[in-house]
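Novice: In the working numbering, the protein residues as written are 492 to 1143.
Ideal Cβ positions, reconstructed from N, Cα and C, are used throughout, including at glycine.
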């Protein structure tokens, strides 16, 4: 047997030992016996200069890295919508049942750590990254390789991407702090600091774990449910959460919540709630997502940490849509791992409902562990006074207009409103002009160099020269980024225009429907309201925006300055086909098509898919467990076809 062959024999044995020790928590060999075999492997690696891809010696960490590379996720990663009471949970279940008649849900721990995405190819770990903003993360492959519970090699040989949470157990935190010169405050910060550390050896020292719970992409096998995903993860020796239950009702879920809430303080791993997911993967596609969250999952958050603080003042700020919102200024308090001095108050109605006053003691919660929120009054001080509702814009002093619970500045030349629009236009999710921070944009605005979107593309070197902090390299980078931003996707361009009600997701939906900017600018109201998640108000806002001569002039100016929009190719449609220029509604579950696939097939043939049945509907396509939409179609004598007939029409 050669030395390499001996290494190939030792590595899987050591990895199996590690799996039983770190994942199953059931050691099958003594530390002494493990160390003897491990030391033999180290010696063989030194003698041959070979380190096998799945060798456990890689877990100790390599050299310090020069910096994090960016990783663009193949599939966008969403955060979870959250609730913290049974009312919120019941609403989620009710919303699901509007589409899925008899749903089943899975319940798992919600870990308080750092989300990690791991990619395996031909059975080997080839890349690991952080979630980042859900579109782009950071490459932390070398750091994650040091985590002993993460398998370097799995049985599945196709390409697969899995997701989990980087965590540090409370016992590991306690052990680390016994010898650390700088103590770690909590497991969450410890994980983030370790994985996002350029020195993989530091990651290894903290004895982290990654608990896997999701499958992002798989190229061969077809999985149908979260139960099958869980089985896949366990089969391939990933560490998974110790809670995984399937439920058919809200009451079953509530019983689990009550049980875990009682015992959560005894767990060695920090959790801040439970994650409830629709079990069936195909049904998830029917529900879809919002611009931020999947509609098929929710995180139930346990009662968060609350503190009291003094409400010192309320500042009113103007956003890009003109909405004027209050921000509470509070005495600095330490809350959920951070010092906070500002907190959310949604609008003036929120202030009245919570009965908060200046100089009152208020309850403050770090809502969803991110945005501090004022919950209500703890105590009124003697000098407490009412918070006045503004009547003039805090920026331009124009008269404010009330619309429901919200207050708006309708002055299009309002400084704060214009700057907010310019900042949004240049942001990463829109035109992605790197290097132009809010501070720089505000400076350029004050100097009269930046007022409209087109002004970005009129900036030149002389506009920056002489300004404090602007050297040649910084100016070159900004000008280069401006030039690079001229090539953009249509959905990013639409999003950048700050049309009321049109954000990231709606922009993509509009591109899917209209393909080109000219088509969108010529869109009619009836077609717009038939797009899923585009309501009457948003449809009117889109029509009004593109009817405005000033807006049309701005768009033409941008195009004239070299902005090149990457539009979708329009498909030549046979106007004689069954679907052309007809309005369809899908109801029930189709056996061979997901809701999104069926919609695309119809739209590619010139048809329109709507969410509701009306006298203008031409055809309803129904599947298993079709509900009220089918009954409504019968009442209106609308053409009804089943899946088999749908396929026949697709074939012509």
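Would you please state the rounded distance, in angstroms, between the beta carbons of residue 1096 and residue 1054? I believe it to be under 8 angstroms.
Specialist: If you number the chain shown from 1, residue 1096 lands on position 605. If you number the chain shown from 1, residue 1054 lands on position 563. So it is not a contact: roughly 32 angstroms between Cβ atoms.
Novice: Any Cβ of chain C within less than 8 angstroms of the Cβ of residue 722?
Specialist: Chain labels in this structure do not include chain C; a single protein chain is all it has.
Novice: Given this structure, state the Cα-to-Cα distance separating residue 836 from residue 603, to the nearest angstrom.
Specialist: In the chain shown, residue 836 corresponds to position 345, counting from 1. In the chain shown, residue 603 corresponds to position 112, counting from 1. Approximately 26 angstroms, taken between the alpha carbons.
Novice: Report the start-end ranges of each beta strand (DSSP E) in the region 873-950 that is 3 residues or longer and not cut off at the edges.
Specialist: 891-894 and 897-900
Novice: The beta strand (DSSP E) spanning residue 606 covers which residue range?
Specialist: For the purposes of this step, residue 606 is taken as residue 115 along the chain shown, with counting starting at 1. 605-612 is the extent of the beta strand (DSSP E) around residue 606.
Novice: Quick check: the Cα distance between residue 498 and residue 548, rounded to an integer number of angstroms?
Specialist: Position 7 of the chain shown holds residue 498. Position 57 of the chain shown holds residue 548. Cα-Cα distance, rounded: 12 angstroms.
Novice: Looking at residue 820 and residue 833, is the spacing between their C-beta atoms short of 8 angstroms?
Specialist: Start at 1 with the first residue of the chain shown, and residue 833 comes out as number 342. Start at 1 with the first residue of the chain shown, and residue 820 comes out as number 329. Yes, Cβ-Cβ distance for residue 833 and residue 820 is below 8 angstroms.
Novice: Considering only C-alpha positions, which residue in the set 806, 970, 520 and 979 is nearest to residue 1008?
Specialist: Counting from 1 along the chain shown, the entry for residue 1008 is found at position 517. Taking only the C-alpha atoms, the option nearest residue 1008 is 979.
Novice: What runs of the alpha helix (DSSP H), each 4 residues or longer, lie entirely inside the region 954-984?
Specialist: 963-975
Novice: Could you check if residue 1143 is buried or exposed, using at least 16 other CB atoms within 10 Å of its CB as the buried criterion?
Specialist: For the purposes of this step, residue 1143 is taken as the residue at position 652 of the chain shown. So residue 1143 counts as exposed.
Novice: Applying the 10 Å Cβ sphere with the 16-neighbour rule, what's the burial state of residue 715?
Specialist: In the chain shown, residue 715 corresponds to position 224, counting from 1. When all chains shown are included, residue 715 counts as exposed.
Novice: Taking Cβ to Cβ, would you say residue 1159 is nearer than 8 angstroms to residue 1076?
Specialist: Nothing about residue 1159 can be read from this structure; the chain reaches only from 492 to 1143.
Novice: Counting only runs that start and end within the region 512-599, where is the alpha helix (DSSP H) found for 4 or more residues in a row?
Specialist: Entirely contained in the region 512-599, the alpha helix (DSSP H) runs reaching 4 residues are, in chain order, 522-539 and 577-588.
Novice: Let me know the secondary structure DSSP gives residue 1007 once reduced to three states.
Specialist: Indexing the chain shown from 1 puts residue 1007 at position 516. The answer is coil: DSSP assigns residue 1007 none of H, G, I, E or B.
Novice: Could you tell me which residues DSSP pairs with residue 807 in its beta bridges?
Specialist: Along the chain shown, read from residue 1 onward, the residue named residue 807 stands at position 316. Paired residues: 817.
Novice: For residue 720, which residues from the same chain have a beta carbon less than 6 angstroms from its beta carbon, with the 5 sequence-adjacent residues on both sides left out?
Specialist: Position 229 of the chain shown, counted from the start, is the residue given in the question as residue 720. Counting only Cβ-Cβ distances below 6 angstroms, and skipping sequence neighbours, we find 706 and 714.
Novice: For residue 859, which residues in the same chain have their Cβ closer than 6 angstroms to its Cβ, ignoring the five residues on either side in sequence?
Specialist: In the chain shown, the residue the question calls residue 859 occupies position 368. Reliability fails at residue 859, whose pLDDT of 46 lies under 50, so the model's placement of it is uncertain and no value is given.
Novice: Checking the sheet assignment: what are the DSSP bridge partners for residue 757?
Specialist: Counting from one through the chain shown, the residue named residue 757 turns up at place 266. Answer is none; residue 757 lacks a bridge partner.
Novice: Compare the C-alpha of residue 520 against each of 528, 508 and 530 and name the closest.
Specialist: Within the chain shown, residue 520 is the residue found at index 29, counting from 1. Comparing Cα positions, the closest option is 508.
Novice: Given that a residue counts as buried once 16 or more other Cβ atoms are within 10 Å of its Cβ, and exposed if not, what is residue 879?
Specialist: Counted from its first residue, the chain shown places residue 879 at position 388. By the 10 Å Cβ count, residue 879 comes out exposed.
Novice: Whole angstroms are fine: how far does the CA of residue 1094 sit from the CA of residue 1039?
Specialist: In the chain shown, counting from the first residue as 1, residue 1039 sits at position 548. In the chain shown, counting from the first residue as 1, residue 1094 sits at position 603. For residue 1039 and residue 1094, the distance between alpha carbons rounds to 29 angstroms.
Novice: Please list, in chain order, all residues of the same chain as residue 1127 whose beta carbon is under 8 angstroms from its beta carbon, the five residues on each side excluded.
Specialist: Residue numbering aside, residue 1127 sits at position 636 when the chain shown is read from its first letter. Excluding five sequence positions before and after residue 1127, the CB atoms of its chain that fall closer than 8 angstroms to its own CB belong to 1104, 1105, 1106 and 1108, given in chain order.
Novice: Can you give, in chain order, each stretch of the alpha helix (DSSP H) that sits fully within the region 657-734 and has at least 4 residues?
Specialist: Runs of the alpha helix (DSSP H) inside the region 657-734: 661-670, 678-686, 691-696 and 717-726.
Novice: Can you tell me whether residue 503 is buried or exposed? The criterion is at least 16 other CB atoms within 10 Å of its CB, across all chains shown.
Specialist: Working through the chain shown from its first residue, we reach residue 503 at position 12. Burial call: exposed.
Novice: With H, G and I counted as helix, E and B as strand and the rest as coil, what does DSSP make of residue 1139?
Specialist: As a first step, residue 1139 must be located in the chain shown, where it is residue number 648. DSSP places residue 1139 in helix when its eight states are reduced to three.
Novice: Within 10 angstroms of its Cβ, does residue 744 collect 16 or more other Cβ (buried), or is it exposed?
Specialist: As a working mapping, residue 744 is identified with position 253 in the chain shown. Buried.
Novice: Label residue 643 either buried or exposed according to how many other C-beta atoms from any shown protein chain fall within 10 Å of its C-beta, with 16 as the threshold for buried.
Specialist: Locating residue 643 in the chain shown gives position 152, counting from the first residue. So residue 643 ends up on the buried side.
Novice: What are the residues that DSSP puts in a beta bridge with residue 1133?
Specialist: Numbered from its first residue, the chain shown carries residue 1133 at position 642. Partner(s): 1113.
Novice: Would you call the region 883-895 and the region 584-602 touching, i.e. three or more CB-CB distances under 8 angstroms?
Specialist: no
Novice: As a quick exercise: from 632, 597, 510 and 581, pick the residue whose alpha carbon is nearest that of residue 558.
Specialist: Along the chain shown, one-based indexing puts residue 558 at 67. Looking at the Cα atoms, 632 is the closest of the given residues.
Novice: Ordered along the chain, which non-local residues of its own chain (more than five positions away) have a Cβ less than 6 angstroms from that of residue 1121?
Specialist: For this step, residue 1121 is matched to residue 630 along the chain shown. Around residue 1121: 1078 and 1113.
Novice: Residue 947 and residue 910 - do their beta-carbons sit closer together than 8 angstroms?
Specialist: The count along the chain shown starts at 1 and reaches residue 910 at position 419. The count along the chain shown starts at 1 and reaches residue 947 at position 456. Their beta carbons are not under 8 angstroms apart, which means residue 910 does not touch residue 947 by this criterion.
Novice: Should residue 732 go down as buried or exposed, given a rule of 16 or more other Cβ atoms within 10 Å for buried?
Specialist: Counted from its first residue, the chain shown places residue 732 at position 241. Flag for residue 732 reads buried.
Novice: Determine the contact status of residue 989 and residue 811, defining contact as a CB-CB distance below 8 angstroms.
Specialist: Against the chain shown, residue 989 aligns to sequence position 498. Against the chain shown, residue 811 aligns to sequence position 320. Yes; because the gap between Cβ atoms is below 8 angstroms, this pair is in contact.
Novice: Considering only their Cβ atoms, is the gap separating residue 848 from residue 877 smaller than 8 angstroms?
Specialist: One-based indexing of the chain shown puts residue 877 at position 386. One-based indexing of the chain shown puts residue 848 at position 357. Yes, the pair counts as a contact, with Cβ atoms nearer than the cut-off.
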